[in-house]
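A.B. asks: Just passing along the structure, written as structure tokens.
Numbering (the numbering used here), first residue to last: 844 to 1462.
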């Protein structure tokens, strides 16, 4: 049988290369060696974000998808879509800057409520007497005898702890530190090591992953690290990843392996920063939406993608961290917060835990705005929650010049009555695109000036000239996507042309904000509350932290609650993950949240489409 011809694909500027069979798609070659290429649509050729430039060699002919997303000038310059172009010879390609995801801004801070320090994993120091001919008791039994004098229950030993025991009890005159959790004896350490007890909390987001190294004896956060979720190379949204996992066991394992390796890298980074061996970590916690939860554990998410959208497991889990593939102490325990429903996951549990909404009087709203908008509304008396498929527009995807919140992204826009436009971009270089918060600012500013009407229509140049004069009218330019507004002229950008906000971009934001607003309206109807009944709005997540509240109100993303301040609470899901490691009570509370929150399935609501259509309107 003939062996398939192999070729070499080199990715610049990283300089990394893959040896693959002839005819392999560039995205497949990049995935093989971990080169990040943005694949919002999961390789379907519908988003146009996986742009690369051919430097040398031969690729397959340009297909219809590439003709739709790339201009004639771009094609002539050698630009291709990596998910559509196959390598037919040794090739060298340059990954477009936005695909490399360099300099991405990731939110790590969150509201961390004070908790009584009572970590899930504890250390106890005991003196084990030496064995003698008169008392030939085994080492473990001698240890239990000492522990029982303190009134404690017998501990179930791990095999690792038993292997550590004989050396430990014969060193330091029998002084040992027992590491234990929930009735299990996890480890035996020589001497008194009570001051060295560490935990690692992780928030697995669809787009980003954040890890926190904690000192469990003091409650201090020692280090934090963050990275893009490497699963984005399989698709930006959960639906794309569910499809990959469904295709084959290998696909599910690739998704699981990618996120586990990313978490292990974050453990390594934080430990290096704090000067602590990773083997000193005895407890870990994880939050994430239900799909991220399943993919991390290697559980099939197939049932999440079809009615009735049920998870494999909703309840809390305590597992051996090593069994999940995490590299810490061999007997370290992993605490996985529970899910509420198929698309309201452990991250929402973390938000509710951190904001303590279930302990407060008065109706309050918590929203985590991302690809999946998860929200909860209520008080200590009753809490309801739902999830809406907002899509990735708020993260810059599906926008003509959209990008993540990274260097070069416009993140804030101010439009003055006098036609003055002030933009702020992340970093110090030239503008490269616009992220979600910048797009919302721009649309809100254009709406306030009347350049976008209540239906979301971008006015023509003639209409703007009549309404606002030449200065703003000259920024209206023709575009294949129904007209556009110039946010940054070509001389201010690094992309060889202006950065635009097109009519289609406005529609994408309308769809996303309409889904969020509709979810809020339905939860309000479910509870029977009016806008004036709501006393606080908590915006969680990166988008919620960076968006200007007034812009969110102007485009109608959030109703105008006359009594409710809008409070950004940062990465509240990550804060919840930290709380459970520090407090046994917080873990118990997290475990009970699932039973206290009522899930509202929007697909069963006959009024959803009507509410959604109304919610797409601008204020």
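The beta-carbon is built from N, C-alpha and C at its ideal position, and this holds for glycine as well.
Alpha helix (DSSP H) containing residue 1314: first to last residue?
C.D. replies: Segment 1313 to 1316, the alpha helix (DSSP H) holding residue 1314.
A.B. asks: Out of 982, 997, 1051, point me to the one whose CA is closest to residue 1018's CA.
C.D. replies: That would be 982, whose Cα lies nearest to the Cα of residue 1018.
A.B. asks: Given residue 1425, which residues of its chain have a CB within under 8 Å of its CB, disregarding the five upstream and five downstream residues?
C.D. replies: Result list for residue 1425: 958, 960, 961, 962, 1042, 1057, 1059, 1062, in chain order.
A.B. asks: Can you tell me which of 1000, 911, 1284, 866 puts its alpha carbon nearest to the alpha carbon of residue 1399?
C.D. replies: That would be 1284, whose Cα lies nearest to the Cα of residue 1399.
A.B. asks: Under a three-way DSSP split, which group does residue 1444 fall into?
C.D. replies: If DSSP states are grouped into helix, strand and coil, residue 1444 belongs with coil.
A.B. asks: Three or more beta-carbon pairs under 8 Å between the region 1340 to 1356 and the region 1238 to 1257, yes or no?
C.D. replies: Touching, yes, given that three or more Cβ pairs across the two stretches are closer than 8 Å.
A.B. asks: Hey, out of 1074, 1260, 1220, whose CA is closest to residue 1192's CA?
C.D. replies: Checked all of 1074, 1260, 1220; the closest Cα to residue 1192 is 1220.
A.B. asks: With distance defined between alpha-carbon atoms, name the residue in 1448, 1330, 1299 nearest to residue 1314.
C.D. replies: Of the listed residues, the one whose Cα sits closest to residue 1314 is 1330.
A.B. asks: Distance check for residue 875 and residue 1448, CA to CA, integer angstroms please.
C.D. replies: Straight-line Cα distance between these residues: approximately 43 Å.
A.B. asks: Just to confirm my understanding: we take residue 862, look at its own chain, exclude 5 residues before and 5 after, and list those with CB closer than 7 Å. What are they?
C.D. replies: Same-chain partners within the cutoff: 849, 851.
A.B. asks: Tell me which residues share the same chain as residue 847 and place their Cβ nearer than 6 Å to its Cβ, disregarding the 5 neighbours each side in the sequence.
C.D. replies: So the list reads 864, once near-sequence residues are dropped.
A.B. asks: Please look up how many angstroms separate the CB atoms of residue 1366 and residue 1256, rounded, as I've assumed it's under 8 Å.
C.D. replies: Contact doesn't hold; Cβ gap of about 30 Å is too wide.
A.B. asks: Classify residue 878: buried if its beta carbon has 16 or more other beta carbons within 10 angstroms, exposed otherwise.
C.D. replies: It counts as buried.
A.B. asks: For residue 1068 versus residue 1113, is the C-beta distance shorter than 7 Å?
C.D. replies: Closer than 7 Å, so yes.
A.B. asks: Can you name the start and end residues of the beta strand (DSSP E) that residue 1033 belongs to?
C.D. replies: It spans 1027 to 1033 - the beta strand (DSSP E) in which residue 1033 sits, taken as one unbroken run.
A.B. asks: Unbroken beta strand (DSSP E) runs of length 3 or more, entirely within the region 1375 to 1433: which are they?
C.D. replies: Runs found: 1377 to 1383, 1409 to 1413.
A.B. asks: Return the Cβ separation of residue 1125 and residue 1202 in integer angstroms, given the expectation that the two are a contact with Cβ distance under 8 Å.
C.D. replies: With 8 Å as the limit, residue 1125 and residue 1202 do not qualify as a contact, their Cβ atoms being about 29 Å apart.
A.B. asks: Would you mind working out which of 910, 903, 901 sits nearest residue 891, comparing C-alpha positions?
C.D. replies: Of the candidates 910, 903, 901, the one whose C-alpha sits nearest the C-alpha of residue 891 is 910.
A.B. asks: I need the DSSP call for residue 1226, collapsed to helix, strand or coil.
C.D. replies: Note: residue 1226 maps to strand in three-state DSSP.
A.B. asks: Given a threshold of 16 other Cβ atoms within 10 Å of its Cβ, counted over all protein chains shown, does residue 1184 qualify as buried or as exposed?
C.D. replies: That one is buried.
A.B. asks: On the DSSP bridge list, what partners appear for residue 1215?
C.D. replies: For residue 1215, which the question treats as bridged, DSSP gives the partners 1232.
A.B. asks: Bridge partners for residue 1276 per DSSP, in chain order?
C.D. replies: 1252.
A.B. asks: For residue 1356, report the span of its alpha helix (DSSP H) as first-last.
C.D. replies: Counting along the chain, the alpha helix (DSSP H) containing residue 1356 begins and ends at 1346 to 1370.
A.B. asks: Just verifying my parser: in three-state terms, what is the DSSP assignment at residue 961?
C.D. replies: In this structure, residue 961 counts as strand in the three-state DSSP scheme.
A.B. asks: In the DSSP assignment, find the unbroken beta strand (DSSP E) run with residue 1267 in it and report its ends.
C.D. replies: 1264 to 1268 is the span of the beta strand (DSSP E), which, as asked, contains residue 1267.
A.B. asks: Would the region 1140 to 1150 count as touching the region 1203 to 1214 if we require 3 or more Cβ pairs under 8 Å?
C.D. replies: Too few Cβ pairs lie closer than 8 Å, so no.
A.B. asks: Classify residue 976 as helix, strand or coil using the three-state DSSP reduction.
C.D. replies: Reduced to three states, the DSSP call for residue 976 is coil.
A.B. asks: Would you list the one or two residues that DSSP bridges to residue 1208?
C.D. replies: DSSP output for residue 1208 lists 1220, 1380 as bridge partner(s).
A.B. asks: Helix or strand or just coil, what does DSSP make of residue 1139?
C.D. replies: Correct three-state label for residue 1139: helix.
A.B. asks: Between which two residues does the beta strand (DSSP E) harbouring residue 849 extend?
C.D. replies: First-last of the beta strand (DSSP E) with residue 849: 849 to 855.
A.B. asks: Have a look at 1438, 872, 1082, 1404 and flag the residue whose alpha-carbon is nearest the alpha-carbon of residue 1195.
C.D. replies: Ranking the options by Cα distance to residue 1195, first place goes to 1438.
A.B. asks: Would you please state the rounded distance, in angstroms, between the beta carbons of residue 869 and residue 920? I believe it to be under 8 Å.
C.D. replies: Not quite, the Cβ-Cβ distance comes to about 17 Å (not below 8 Å), so this is no contact.
A.B. asks: Grab the span of the beta strand (DSSP E) containing residue 1096 for me, first residue to last.
C.D. replies: Here residue 1096 belongs to no beta strand (DSSP E); instead the alpha helix (DSSP H) covers 1092 to 1117.
A.B. asks: For residue 1422, which option in 872, 1055, 905 has the closest C-alpha, if you only look at C-alpha atoms?
C.D. replies: Per the Cα distances, 1055.
A.B. asks: Nearest to residue 1337 by alpha carbon, out of 1253, 1025, 1327?
C.D. replies: Among 1253, 1025, 1327, the Cα nearest to that of residue 1337 belongs to 1253.
A.B. asks: What do you reckon, are the CB atoms on residue 897 and residue 859 nearer than 7 Å?
C.D. replies: No, they are not a contact pair.
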